[in-house]
Amino acid sequence: MPAPPGMRRVGSDVWELGVDYRPGMRVPVRVYASRKLLDEMDDKVFEQAANVATLPGIVEASLCMPDAHWGYGFPIGGVAAMDVRSGVISPGGIGFDINCGMRLVRTDLVWPEVKPKLRQLVDELAERVPAGVGRRGFVRIDQDTFREVLREGARWAVAKGYGTPDDLARTEGGGCLADADPERVSDRAIERGYRQIGTLGSGNHYLEIQVLRPEGVFDERLARAFGLDRPEQVVIMFHCGSRGFGHQVATDYLHDFLRVMPTRFKLPVLDRELACAPFDSPEGRDYYAAMCCAANMSFANRQVILHRIRQVFSDLFGRDPEALGIRQVYDVAHNTAKLEEHGAGRARRKLLVHRKGATRAFPPGHPELPPEFRETGQPVIIGGSMETGSYVLAGVESGAGSFFSTAHGSGRTMSRTRARKLVRGKELQRRMAEKGILVRSASWRGLAEEAGFAYKSVDEVAAATEEAGLSRRVAHLVPVGNVKG
Amino acid sequence: MSAPDFEFVEGATSDLAFVARGATEEEALVAASEALLAATLEDPASVADDVSRQVKLEEGDLDLLLLRLLNELVYLRDAEGLLLRARRVRLVRGPDAIRLEAELAGEHIDRARHRLTTEVKAATAHGLCLEPTDGGWRARATLDV
Numbered sequence: 350m351p352a353p354p355g356m357r358r359v360g361s362d363v364w365e366l367g368v369d370y371r372p373g374m375r376v377p378v379r380v381y382a383s384r385k386l387l388d389e390m391d392d393k394v395f396e397q398a399a400n401v402a403t404l405p406g407i408v409e410a411s412l413c414m415p416d417a418h419w420g421y422g423f424p425i426g427g428v429a430a431m432d433v434r435s436g437v438i439s440p441g442g443i444g445f446d447i448n449c450g451m452r453l454v455r456t457d458l459v460w461p462e463v464k465p466k467l468r469q470l471v472d473e474l475a476e477r478v479p480a481g482v483g484r485r486g487f488v489r490i491d492q493d494t495f496r497e498v499l500r501e502g503a504r505w506a507v508a509k510g511y512g513t514p515d516d517l518a519r520t521e522g523g524g525c526l527a528d529a530d531p532e533r534v535s536d537r538a539i540e541r542g543y544r545q546i547g548t549l550g551s552g553n554h555y556l557e558i559q560v561l562r563p564e565g566v567f568d569e570r571l572a573r574a575f576g577l578d579r580p581e582q583v584v585i586m587f588h589c590g591s592r593g594f595g596h597q598v599a600t601d602y603l604h605d606f607l608r609v610m611p612t613r614f615k616l617p618v619l620d621r622e623l624a625c626a627p628f629d630s631p632e633g634r635d636y637y638a639a640m641c642c643a644a645n646m647s648f649a650n651r652q653v654i655l656h657r658i659r660q661v662f663s664d665l666f667g668r669d670p671e672a673l674g675i676r677q678v679y680d681v682a683h684n685t686a687k688l689e690e691h692g693a694g695r696a697r698r699k700l701l702v703h704r705k706g707a708t709r710a711f712p713p714g715h716p717e718l719p720p721e722f723r724e725t726g727q728p729v730i731i732g733g734s735m736e737t738g739s740y741v742l743a744g745v746e747s748g749a750g751s752f753f754s755t756a757h758g759s760g761r762t763m764s765r766t767r768a769r770k771l772v773r774g775k776e777l778q779r780r781m782a783e784k785g786i787l788v789r790s791a792s793w794r795g796l797a798e799e800a801g802f803a804y805k806s807v808d809e810v811a812a813a814t815e816e817a818g819l820s821r822r823v824a825h826l827v828p829v830g831n832v833k834g
Numbered sequence: 014m015s016a017p018d019f020e021f022v023e024g025a026t027s028d029l030a031f032v033a034r035g036a037t038e039e040e041a042l043v044a045a046s047e048a049l050l051a052a053t054l055e056d057p058a059s060v061a062d063d064v065s066r067q068v069k070l071e072e073g074d075l076d077l078l079l080l081r082l083l084n085e086l087v088y089l090r091d092a093e094g095l096l097l098r099a100r101r102v103r104l105v106r107g108p109d110a111i112r113l114e115a116e117l118a119g120e121h122i123d124r125a126r127h128r129l130t131t132e133v134k135a136a137t138a139h140g141l142c143l144e145p146t147d148g149g150w151r152a153r154a155t156l157d158v
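Protein chains in written order, with our numbering: chain R, 350 to 834; chain G, 14 to 158.
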């Protein structure tokens, strides 16, 4: 689908649609993409990004990352920074799976050691990390304790023995958003989610064993600094979120905002999934506090899953996790709105940055980065399809124009309905096995929906993020075993 | 009442969109609940009517009632482990709002019998509608999966 007329190139792999594209736009639409990725985007992406550009208080531009695709409300891969006084907060700018995110874990193990045990490893991970529809988590807590999780995030998990303080240092925001307030969350959300800590979910959620091939290193210095330091190194990557709890928080507030938008706030509703409330209003602040709770649930979920992964590796390889060199590289959030300071000098100001299917990517020297990453910039993880591999990147100074945001994945090019018409899950599993990728899935139909051909090229996306100055490629990781939710 | 009539259609690329049809708006809502069940498991016919629930919802328009009904079914799946469909729906129009009363029926998730596929996170308001057509009523919704 060619980009709309009026889309003009404003930089290397950076494009803009002016405010005259659609009535009501307050800022332009800016798309970060190669010509090929731009041409592959659905026209709905531009329509949705233009709708976002009409939201009150939006600053600079409505942004699309290189993996952008048609979503609901905002495009997936959409970023919008709002002025905290005049701007809005929108659940549709965050997504239902609040703080769905990626965690990357390195080991000292190399592929020749792991290969003979791969089947056992994948089976054991599939058995011990619950995945699929309606599963209960392996962490059993009551609702009062769950409220502590909502306040503390991954810190709760580490305090209970599920991990180490080093894990927290290597998690975005230290694994806890301080503005969380469980009082702003419905009983239904708690009822829906408190049994789900320690579950992967379904859809595009997965847990993958990957290998760093020698030719996969783009920047040796940064790779070493991130702990990616040996040829044929085995690493673990997983993708999951805040589960039913986060979904219910988003659902509750979407319904609430739809009621108050036209009446109390006199805001027009262009698309019901762009329901929003002024950030500086009781409704807006309540949603923000509840959204932070969901983000914390998600950090805790990924933290306990990491602990379970350590146990599985330790049991299988007969050494404790430290002896295996199992250490978290980083944990990034995808679906959030965060209060951040942006701009330089007198123009520096606090903004509410919505990232829906997009990753924060702070540059070297950023004050919010822990000492481990002050020199390198923040590690970024771009998860590819289960057939094509994933990338590790690093935040760069030139990312200021995107509020230090970058891509989060490959980005789909095909609907799930169409993907499953083209391949059967069992056939896909066989084809992947021929390519040396062992996959276990909770559902054959779900597996077919995630086929590699349903996604853009992750190589193209990663290259475009670098070319557009959003982040720098560090390493490419190749999948060898996948547990799909 | 005839068998629920629905189909999955092209929609937002990461999600699942469906169109459900009925002779009346109530039948279209019943068919929409069946579409949600079909998104969740491969063999919705395997879900027996062992458990029932009643729901009463009120909204200013039909679209939002469709959204609320679907999200109620999603909630009950996670909170109570139930796979449910709407067996009967009744709409009562008031001066300012429309009330929906639904009888839901289904059973608890049984991994041995139910071939579960997709955990629907929520029904979204994207492209949402419950509207009259030439021959009846049509419901359209997009499920975040």
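A virtual CB, placed ideally from N, CA and C, is assigned to each residue, including glycine. Since we're looking at a predicted model, the values are computed, not measured.
For residue i and chain G, any beta-carbon pair shorter than 7 Å?
i, result
"H596(R)", "yes"
"S551(R)", "yes"
"I447(R)", "no"
"H418(R)", "yes"
"T403(R)", "no"
"T600(R)", "yes"
What is the residue span of the beta strand (DSSP E) that residue i lies within?
i, result
"K69(G)", "V64 to E72"
"K775(R)", "Segment G774 to E783 is the alpha helix (DSSP H) holding K775(R); no beta strand (DSSP E) there."
"W419(R)", "No beta strand (DSSP E) contains W419(R), which DSSP labels as neither H nor E."
"G835(R)", "Only positions 350 to 834 of chain R appear in the structure, and residue 835(R) is not among them; the question remains open."
What three-state label does DSSP hand residue i in the structure shown?
i, result
"A110(G)", "coil"
"V102(G)", "strand"
"Q492(R)", "helix"
"P145(G)", "strand"
"K687(R)", "strand"
"R570(R)", "helix"
"K385(R)", "helix"
"S411(R)", "strand"
"S739(R)", "strand"
"F31(G)", "strand"
From the beta carbon of residue i, is the nearest beta carbon of chain R less than 7 Å away?
i, result
"D74(G)", "no"
"V158(G)", "yes"
"A58(G)", "no"
"I4(G)", "In the structure as shown, chain G starts at 14 and stops at 158, and residue 4(G) therefore has no counterpart that could be examined."
"S27(G)", "yes"
"T37(G)", "no"
"F19(G)", "no"
"T131(G)", "yes"
Quick check: the Cα distance between residue i and residue j, rounded to an integer number of angstroms?
i, j, result
"V772(R)", "R112(G)", "43 Å"
"E39(G)", "G148(G)", "14 Å"
"I658(R)", "E389(R)", "37 Å"
"C589(R)", "C449(R)", "5 Å"
"F19(G)", "A417(R)", "29 Å"
"I539(R)", "F495(R)", "8 Å"
"G524(R)", "E116(G)", "42 Å"
"V32(G)", "R153(G)", "4 Å"
"R697(R)", "E690(R)", "7 Å"
"R780(R)", "G732(R)", "20 Å"
"L655(R)", "Q545(R)", "15 Å"
"L49(G)", "Q597(R)", "17 Å"
"W460(R)", "L561(R)", "9 Å"
"Y421(R)", "V454(R)", "31 Å"
"G360(R)", "A817(R)", "7 Å"
For the alpha helix (DSSP H) containing residue i, list its first residue and its last residue.
i, result
"H604(R)", "R592 to T612"
"V401(R)", "D392 to V401"
"G542(R)", "D536 to G542"
"E20(G)", "That residue, E20(G), is in no alpha helix (DSSP H); its beta strand (DSSP E) goes D18 to V22."
"A791(R)", "A791(R) -> no alpha helix (DSSP H), and no H or E assigned at all."
"P461(R)", "W460 to V463"
How would you list, in chain order, the residues of chain B whose beta-carbon sits under 7 Å from the beta-carbon of residue i?
i, result
"K134(G)", "Looking for chain B here will not work: the only protein chains present are R and G."
**Request:** Spell out a yes or no on whether the region 479-491 of chain R and the region 684-692 of chain R are touching, meaning 3 or more CB-CB pairs, one atom from each, closer than 8 Å.
**Result:** Contact between the region 479-491 of chain R and the region 684-692 of chain R is absent: fewer than 3 CB-CB pairs across the two stretches fall below 8 Å.
**Message:** For the structure I just gave you, are there three or more beta carbon pairs, one from the region 95-112 of chain G and one from the region 548-561 of chain R, closer than 8 Å?
**Reply:** Cβ pair count under 8 Å is below three, so no.
**Asked** Counting pairs of beta carbons, one from the region 612-631 of chain R and one from the region 563-573 of chain R, are three or more of them closer than 8 Å?
**Response** no
**Request:** May I ask you to verify whether the region 515-523 of chain R touches the region 459-474 of chain R, counting CB pairs closer than 8 Å and requiring at least 3?
**Result:** Proximity of the region 515-523 of chain R to the region 459-474 of chain R falls short of the contact definition, fewer than three beta-carbon pairs being nearer than 8 Å.
**Prompt:** Is the region 743-757 of chain R touching the region 471-480 of chain R in the sense that three or more CB pairs, one from each, lie closer than 8 Å?
**Reply:** no
**Item:** Cβ contact check for the region 427-447 of chain R and the region 661-681 of chain R: 3 or more pairs under 8 Å
**Value:** no
**Prompt:** If you pair each beta-carbon of the region 41-57 of chain G with each one of the region 577-587 of chain R, do three or more pairs fall below 8 Å?
**Reply:** no
**Asked** Is the region 610-622 of chain R touching the region 635-648 of chain R, taking contact as three or more C-beta pairs under 8 Å?
**Response** no
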